[in-house]
Amino acid sequence: MTPAARLSAAIELIDTIEKDRVPAAKALKEWGTAHRFAGSGDRAAIAGLVWDVLRRYASSAFLMDSDTARARLIGMLRLERDMDTATMGALFDGSRFAPAPLTEAEQAALSQRSLKDAPAAIAGDYPEWLDPHLAKVFGEDRAAEAAAMASRAPLDLRVNTLKSNRDKVLQSLAHLHAKPTPWSATGLRIALSADARNPGIQAEEDFIKGGIEVQDEGSQLAAQFTAAKPGEQVIDLCAGAGGKTLALAALMQGKGRLIATDSDKRQLAPIHERLSRAGVHNADVRTPKGEAYPLADIRSTADLVVIDAPCTGTGTWRRNPDAKWRMRPGALEIRLRDQAEVLERAVPLVKPGGRIAYITCSVLSEENGEQVRAFVARHPEFAPVPPEQTASVLWDKAEAFGEAALQSPEGLLMTPRRTGTDGFFVSILKKVS
Numbered sequence: 039m040t041p042a043a044r045l046s047a048a049i050e051l052i053d054t055i056e057k058d059r060v061p062a063a064k065a066l067k068e069w070g071t072a073h074r075f076a077g078s079g080d081r082a083a084i085a086g087l088v089w090d091v092l093r094r095y096a097s098s099a100f101l102m103d104s105d106t107a108r109a110r111l112i113g114m115l116r117l118e119r120d121m122d123t124a125t126m127g128a129l130f131d132g133s134r135f136a137p138a139p140l141t142e143a144e145q146a147a148l149s150q151r152s153l154k155d156a157p158a159a160i161a162g163d164y165p166e167w168l169d170p171h172l173a174k175v176f177g178e179d180r181a182a183e184a185a186a187m188a189s190r191a192p193l194d195l196r197v198n199t200l201k202s203n204r205d206k207v208l209q210s211l212a213h214l215h216a217k218p219t220p221w222s223a224t225g226l227r228i229a230l231s232a233d234a235r236n237p238g239i240q241a242e243e244d245f246i247k248g249g250i251e252v253q254d255e256g257s258q259l260a261a262q263f264t265a266a267k268p269g270e271q272v273i274d275l276c277a278g279a280g281g282k283t284l285a286l287a288a289l290m291q292g293k294g295r296l297i298a299t300d301s302d303k304r305q306l307a308p309i310h311e312r313l314s315r316a317g318v319h320n321a322d323v324r325t326p327k328g329e330a331y332p333l334a335d336i337r338s339t340a341d342l343v344v345i346d347a348p349c350t351g352t353g354t355w356r357r358n359p360d361a362k363w364r365m366r367p368g369a370l371e372i373r374l375r376d377q378a379e380v381l382e383r384a385v386p387l388v389k390p391g392g393r394i395a396y397i398t399c400s401v402l403s404e405e406n407g408e409q410v411r412a413f414v415a416r417h418p419e420f421a422p423v424p425p426e427q428t429a430s431v432l433w434d435k436a437e438a439f440g441e442a443a444l445q446s447p448e449g450l451l452m453t454p455r456r457t458g459t460d461g462f463f464v465s466i467l468k469k470v471s
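Remember, the numbering used here sits 38 above the position in the sequence shown when you count from 1.
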């Protein structure tokens with residue numbers, strides 16, 4: 039396919055996503071199935087265009103003063119890819135499979151309009167109904183914070199210290215130009231190409247043998263902030279596919295008791311293979327069966343209960359740019375109830391002096407600090423650990439990280455703009471009585 043034909047395909051896909059209200063990943067998969075003549079490079083390039091339009095969905099329409107799929111693509115090419123009008127005109131030439139030539143109105147918009155006076159929700163590319171929620175957290179910085187959350191994310195890896203070390207993996211992945219992550223001592227970062235194509239890390243020997251896992255640095259740090267130690271009894275209450283379970287196992291050096299469970303047994307399906315590949319032998323996966331509670335035998339004995347809480351996922355917009363446009367106010371209310379419920383389930387598991395690690399991949403205060411304050415009001419036997427103490431596990435980087443992250447009495451908030459990670463909130467709640 040020619041570059042111009044790829045643009046036409048992207049316009050078609052964006053139109054489908056808008057009119058049929060289908061997730062972008064589903065639309066891209068169905069398009070690929072229906073257009074088998076398109077090679078892997080074509081599909082990757084088209085996907086990159088679509089994802090970038092979704093990143094610039096509001097600002098591109100504002101720039102072009104039009105909300106058509108074509109206008110959004112043109113606006114994105116200017117805002118995200120810094121394409122000049124002449125280059126754009128050579129692609130939009132009306133030839134076979136190419137988009138129609140740029141109109142006078144489109145050329146005028148490109149030359150005369152800007153985002154200078156755009157409202158925060160436009161400049162930051164997020165739904166307008168979320169503006170007061172983001173203002174509560176970031177104030178006047180909300181547009182800049184949200185714009186960073188609309189940027190492309192790199193590919194982050196976690197080195198599995200049960201099987202390897204970072205220096206060794208850096209050498210073996212030198213051909214991918216892997217670099218150490220800024221904060222996590224076990225993290226590696228690979229910058230993606232212009233089409234955002236994954237470098238095929240799953241085919242690397244280090245991945246196949248369990249030496250590395252794909253995990254955003256923010257998620258790695260969230261696991262590290264739990265301060266899980268060898269010999270402890272640790273419960274991963276919302277284990278899902280096991281990303282943080284694997285990180286916890288490495289922190290525990292394979293020693294102690296690690297119990298992984300999830301209320302949705304379907305989410306647990308991949309965890310067994312991942313634990314085996316990573317060389318984890320101290321994990322006990324408890325899959326819910328019928329009405330039986332999988333943790334019925336545990337009462338006040340856990341050193342640490344980790345809650346990777348169900349949330350709106352606002353902190354992962356870099357990786358899921360269409361999710362924010364499909365998010366509705368009702369989803370927040372549902373998640374708040376889910377979070378309160380799972381926090382209550384953790385209470386009877388923790389021993390005196392033990393702790394709950396409450397983690398979300400959200401930047402909204404309702405899901406983070408406000409949720410923690412409500413929990414502590416219900417359970418005064420728990421108290422938040424000061425955020426500087428939580429960050430102390432980073433040793434010589436702790437002070438710099440504490441300055442970069444947003445701190446509150448309840449915990450630490452990471453964001454793409456501040457820490458270069460996905461958005462994560464971490465609160466460590468110690469059972470003091």
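Where a beta carbon is used, it is the ideal one built from N, C-alpha and C, also for glycine.
With distances taken from CA atoms, which of the options is nearest residue i?
i: D90; options: D335, A395, N358 and D244; result: N358
i: Y95; options: V380, A72, A62 and D122; result: A62
i: S46; options: V385, N203 and W69; result: W69
i: A316; options: A223, E56, I273 and D244; result: D244
i: F75; options: A99, L211 and T40; result: T40
i: I55; options: C276, L153, V88 and A109; result: V88
i: L211; options: A241, E183, E329 and E408; result: A241
i: E371; options: G86, L153 and Q409; result: Q409
i: Q477; options: L444, N320, Q145 and G86; result: No statement about residue 477 is possible, as the shown extent of the chain runs from 39 to 471 and does not include it.
i: L117; options: W363, A82, L153 and I84; result: L153
i: A184; options: A369, D169 and D194; result: D169
i: P390; options: K468, A334, P332 and Q253; result: K468
i: L432; options: V388, T224, A298 and I112; result: T224
i: A158; options: S149, L444, A146 and A182; result: A182
i: L296; options: P308, Q305, L259 and A277; result: A277
i: V423; options: D434, A443 and G392; result: G392
i: D274; options: L306, R196 and D122; result: L306
i: L444; options: T123, R196, W167 and V175; result: V175
i: N198; options: A186, R312, A298 and P308; result: R312
i: D122; options: V60, S149 and F263; result: S149
i: D163; options: H73, W363, V388 and A298; result: W363
Please state if the CB of residue j and the CB of residue i are separated by a distance shorter than 8 Å.
i: V318; j: H310; result: no
i: L208; j: L226; result: yes
i: T352; j: V401; result: yes
i: A188; j: R93; result: yes
i: S98; j: M114; result: yes
i: A261; j: L286; result: yes
i: A43; j: A136; result: yes
i: V470; j: E419; result: yes
i: D460; j: A191; result: yes
i: A83; j: L66; result: no
i: P268; j: K293; result: yes
In terms of residues, what are the limits of the beta strand (DSSP E) holding residue i?
i: G449; result: G449 to M452
i: P422; result: F420 to P422
i: S15; result: Here the chain covers residues 39 to 471 and nothing more, so residue 15 does not appear.
i: L195; result: L193 to V197
i: G392; result: V388 to T398
i: A321; result: A321 to R324
i: G225; result: G225 to I228
i: V272; result: Q271 to D274
i: A298; result: R295 to T299
i: L444; result: L444 to S446
i: S251; result: The question names Ser, but residue 251 is Glu in the sequence shown. First-last of the beta strand (DSSP E) with E251: I250 to V252.
i: D341; result: A340 to D346
Which two residues bound the contiguous alpha helix (DSSP H) that contains residue i?
i: K57; result: P41 to D58
i: T71; result: A62 to A72
i: I112; result: A107 to L117
i: S78; result: S78 to R93
i: V380; result: P367 to A384
i: F75; result: From DSSP, F75 is part of no alpha helix (DSSP H); its letter is neither H nor E.
i: L172; result: D169 to F176
If residue i and residue j are in contact, beta carbons under 8 Å, what's the gap, nearest whole angstrom?
i: A354; j: R373; result: This sequence places Thr at residue 354; Ala is not what is there. Incorrect: roughly 14 Å between the Cβ atoms, too far for contact.
i: I228; j: P237; result: 6 Å
i: A384; j: V343; result: 4 Å
i: A421; j: V380; result: At roughly 19 Å, the Cβ-Cβ gap does not stay under 8 Å, so A421 and V380 are not in contact.
i: W221; j: E178; result: That belief does not hold up - the Cβ atoms of W221 and E178 are roughly 26 Å apart, past 8 Å.
i: P165; j: M290; result: No, P165 and M290 are not in contact; Cβ-Cβ is about 40 Å, not under 8 Å.
i: E107; j: I160; result: According to the sequence displayed, residue 107 carries Ala and not Glu. That pair is no contact at about 18 Å.
i: A147; j: M102; result: 5 Å
Do we get a CB-CB distance below 8 Å when we pair residue i with the residues of chain C?
i: A159; result: The structure shown contains no chain C, having only a single protein chain.
| message | For the structure I just gave you, are there three or more beta carbon pairs, one from the segment 424–442 and one from the segment 396–415, closer than 8 Å? | response | no
| field | the segment 203–219 in contact with the segment 277–290 per 3-pair CB rule at 8 Å | value | no
| message | I'd like to know if the segment 451–470 and the segment 430–443 are in contact, where contact means that at least 3 CB-CB pairs between them fall below 8 Å. | response | yes
| request: Would you check if there are 3 or more beta carbon pairs closer than 8 Å linking the segment 385–400 to the segment 128–136? | output: no
| With a cut-off of 8 Å, do at least 3 Cβ pairs link the segment 322–339 to the segment 137–148? | no
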